[in-house]
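Before any comments, here is the structure.
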Amino acid sequence: MSDEKRQILEWLSPLASRERHHTVSEGRVEGVGDWLLHTNEFEKWHTSEDGAINPVLFCYGDPGVGKTYMSSLVIDTLCDQIGGDNVAVACIYCDFHAQNEQSATTMLGALLKQVVAGVEPIPSEIKSAFERAKKQVDGRTLRLPEIRAMLVKSLSYLRRGFICIDAVDEFPQKGRPELWDSLRHIMRECPNTRLFITGRPHIRDEVRKYFSGSATVIPIKPRMEDIVRYLEMRLDRDPDADIMDESLRADILRVIPATISEIFLLVSLIVGAILGQATIHQGRQALNKVTNGLGLQDAYNTTLDRIKEQKGSKRKLGIEALMWISHSERPLKAQELCHALAVEAGTTDLNVDNVPSIKTLLGCTLGLVAADQQSSTVRLIHFTLQEYLGTHANLFITPHAIMAEICLTYLNFQ
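Listed below in structure tokens is the structure:
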């Protein structure tokens, strides 16, 4: 890629949407979710090139059922089966915790960036706009109408285009009408383009409003066989053989799918709790709790109790990591979080020996925090955890005051 093209792409959007995609894709299990790819609705949507098929495919589901997982599967399937010359697959992963960075302008800019990256040569309209922007002091960013027009123009050069937007319910509500209007305009002007969207059930009304008669809707719900495959993967990869025997393994594969097969996230938390025990007996006790109607809120309660039961400074690290991530105005880099947790009030310099590794930090949060390796950011494992922490304010004592003191101390370091 030439330096000029790299500069143009960076100018179009600073967002790196593909980084989140790579992180999600790395956690997938072979075969899990393939049922969606085999539905008639998906087959027609992604293979048909005529206007007789609904160009919009909306997949909805309750929190924790695996919508983001499905988005990554669809994106990779499109890239593998259809991607190539004269075809573009552009994606966006909406994130509640990054709402300050997300607007219709920035998101469409990220889509345009991905489409243009695969177009040779870069459309003259975009090149000319970039040259004009360079002549102005501090450059000039594009406005939404300009980005929208450029995206339509760029897609028109292609044989086929695919736009994938995950978790649209996490996009700022006040900005969604502008996003929907722009997407509707693009789909109207680009008959060669398909749109894939995921979101919670209440988003169906918005999809129907903006894409009346042109959207196919599929509910997302984990299949029993997917839960079993996922559990087998977790059990096979667990390095601690001392807390597992064939009897417990068989019971895990029988009880969990039969009891909580509708929420993937809950399955993940429960098997994590079982594998986090020290003995087979304790693992079986953790499994027995599944039969008592454990829900997502209960799973968060249980995991937080386990964090608080950790010895030494691990408890403090785990709780404070959750505090920083859930109360920060933007996603934190892993190094930023590690440094914040190392700062001690009243000190004049950062003690590098007190900085925890990100591996240690993730271990202290017992699966509630994940690190995106591509972007080097840390995040809560799910939007529902952000909601949970928001309704349990007693978990953190004066979080903003604590964070302000740490930031001021850090800024005053020699």
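Going by full-length UniProt numbering, 193 is the number at position 193 of the sequence shown; the sequence numbering is gapless.
Even glycine gets a Cβ: it sits at the ideal position worked out from N, Cα and C.
Checking 8 Å against the spacing of the C-beta atoms, do residue i and residue j come in under that value?
{"i": "Gly-64", "j": "His-382", "result": "yes"}
{"i": "Gly-109", "j": "Leu-142", "result": "yes"}
{"i": "Ile-75", "j": "His-38", "result": "no"}
{"i": "residue 417", "j": "Asp-166", "result": "The displayed coordinates of the chain run from 1 to 414. Any statement about residue 417 would go beyond what the structure contains."}
{"i": "Thr-365", "j": "Ile-406", "result": "no"}
{"i": "Phe-162", "j": "Leu-36", "result": "no"}
{"i": "Ile-319", "j": "Val-369", "result": "no"}
{"i": "Ile-274", "j": "Ile-260", "result": "no"}
{"i": "Gln-114", "j": "Ser-17", "result": "yes"}
{"i": "Pro-222", "j": "Glu-262", "result": "yes"}
{"i": "Thr-303", "j": "Glu-41", "result": "no"}
{"i": "Ile-8", "j": "Ile-126", "result": "yes"}
{"i": "Pro-399", "j": "His-327", "result": "yes"}
{"i": "Arg-237", "j": "Tyr-210", "result": "no"}
{"i": "Glu-4", "j": "Ser-375", "result": "no"}
{"i": "Ile-92", "j": "Met-107", "result": "yes"}
{"i": "Phe-96", "j": "Glu-170", "result": "yes"}
{"i": "Leu-12", "j": "Val-87", "result": "no"}
{"i": "Ile-243", "j": "Gln-285", "result": "no"}
Helix or strand or just coil, what does DSSP make of residue i?
{"i": "Tyr-157", "result": "coil"}
{"i": "Ala-370", "result": "strand"}
{"i": "Ile-263", "result": "coil"}
{"i": "Gly-295", "result": "coil"}
{"i": "Asp-166", "result": "strand"}
{"i": "Thr-302", "result": "helix"}
{"i": "Thr-68", "result": "helix"}
{"i": "Ile-92", "result": "strand"}
{"i": "Cys-190", "result": "coil"}
{"i": "Val-207", "result": "helix"}
{"i": "Phe-383", "result": "helix"}
{"i": "Leu-142", "result": "coil"}
{"i": "Pro-14", "result": "coil"}
{"i": "Ile-82", "result": "coil"}
{"i": "Thr-105", "result": "helix"}
{"i": "Pro-219", "result": "strand"}
{"i": "Phe-396", "result": "coil"}
Just the C-alpha distance for residue i and residue j, rounded to the nearest angstrom, thanks.
{"i": "Leu-380", "j": "Asp-353", "result": "26 Å"}
{"i": "Ile-402", "j": "Thr-377", "result": "21 Å"}
{"i": "Glu-206", "j": "Leu-111", "result": "21 Å"}
{"i": "Arg-194", "j": "His-46", "result": "7 Å"}
{"i": "Gly-272", "j": "Ala-250", "result": "16 Å"}
{"i": "Glu-189", "j": "Val-152", "result": "7 Å"}
{"i": "Ser-247", "j": "Ile-280", "result": "10 Å"}
{"i": "Ala-345", "j": "Pro-356", "result": "17 Å"}
{"i": "Val-343", "j": "Leu-317", "result": "12 Å"}
{"i": "Ala-321", "j": "Leu-361", "result": "8 Å"}
{"i": "Phe-413", "j": "Ala-340", "result": "13 Å"}
{"i": "Val-89", "j": "Gln-282", "result": "47 Å"}
{"i": "Thr-23", "j": "Ala-371", "result": "8 Å"}
{"i": "Ser-48", "j": "Asn-54", "result": "10 Å"}
{"i": "Cys-59", "j": "Leu-266", "result": "20 Å"}
{"i": "Pro-145", "j": "Pro-14", "result": "18 Å"}
{"i": "Met-150", "j": "Ile-122", "result": "11 Å"}
{"i": "Lys-67", "j": "Gly-61", "result": "7 Å"}
{"i": "Asp-245", "j": "Ile-227", "result": "20 Å"}
{"i": "Ser-124", "j": "Glu-10", "result": "17 Å"}
{"i": "Arg-204", "j": "Val-56", "result": "12 Å"}
{"i": "Leu-395", "j": "Asp-240", "result": "31 Å"}
{"i": "Gly-390", "j": "Met-323", "result": "10 Å"}
{"i": "Gln-373", "j": "Leu-411", "result": "27 Å"}
Can you check which of these residues, the options, is closest to residue i by C-alpha distance?
{"i": "Met-233", "options": "Val-29, Phe-58, Glu-146", "result": "Val-29"}
{"i": "Glu-225", "options": "Thr-47, Pro-257, Glu-387", "result": "Pro-257"}
{"i": "Pro-172", "options": "Leu-304, Ala-98, Glu-344", "result": "Ala-98"}
{"i": "Lys-174", "options": "Phe-264, Ala-104, Ile-227", "result": "Ala-104"}
{"i": "Arg-254", "options": "Val-115, Ile-92, Arg-229", "result": "Arg-229"}
{"i": "Cys-164", "options": "Trp-11, Gly-199, Thr-398", "result": "Gly-199"}
{"i": "Asn-351", "options": "Cys-338, Ala-129, Ile-358", "result": "Cys-338"}
{"i": "Gly-118", "options": "Leu-144, Met-187, Gly-84", "result": "Gly-84"}
{"i": "residue 415", "options": "Gly-363, Thr-347, Gly-367", "result": "A question about residue 415 goes unanswered here, because the residues of the chain that appear run from 1 up to 414."}
{"i": "Arg-159", "options": "Ile-186, Pro-191, Ile-147", "result": "Pro-191"}
{"i": "Ile-358", "options": "Asp-80, Asp-349, Lys-314, Glu-19", "result": "Lys-314"}
{"i": "Leu-231", "options": "Ile-270, Ile-397, Glu-387, Glu-43", "result": "Ile-270"}
{"i": "Glu-329", "options": "Lys-67, Arg-6, Asn-86, Asn-100", "result": "Asn-100"}
{"i": "Met-187", "options": "Ile-203, Ser-214, Val-168", "result": "Ser-214"}
{"i": "Gln-102", "options": "Arg-132, Val-168, Gln-386, Ile-82", "result": "Val-168"}
{"i": "Leu-385", "options": "Glu-120, Gly-367, Ile-397", "result": "Gly-367"}
{"i": "Gln-310", "options": "Gly-363, Leu-73, Ile-82", "result": "Gly-363"}
Can you confirm whether the segment 324-334 touches the segment 293-306 when touching is taken to mean that 3 or more C-beta pairs between the two stretches lie within less than 8 Å? Between the segment 293-306 and the segment 324-334 there are fewer than three C-beta pairs closer than 8 Å, too few to call the two in contact.
Three CB pairs or more closer than 8 Å across the segment 167-179 and the segment 13-32: Short answer: they don't touch.
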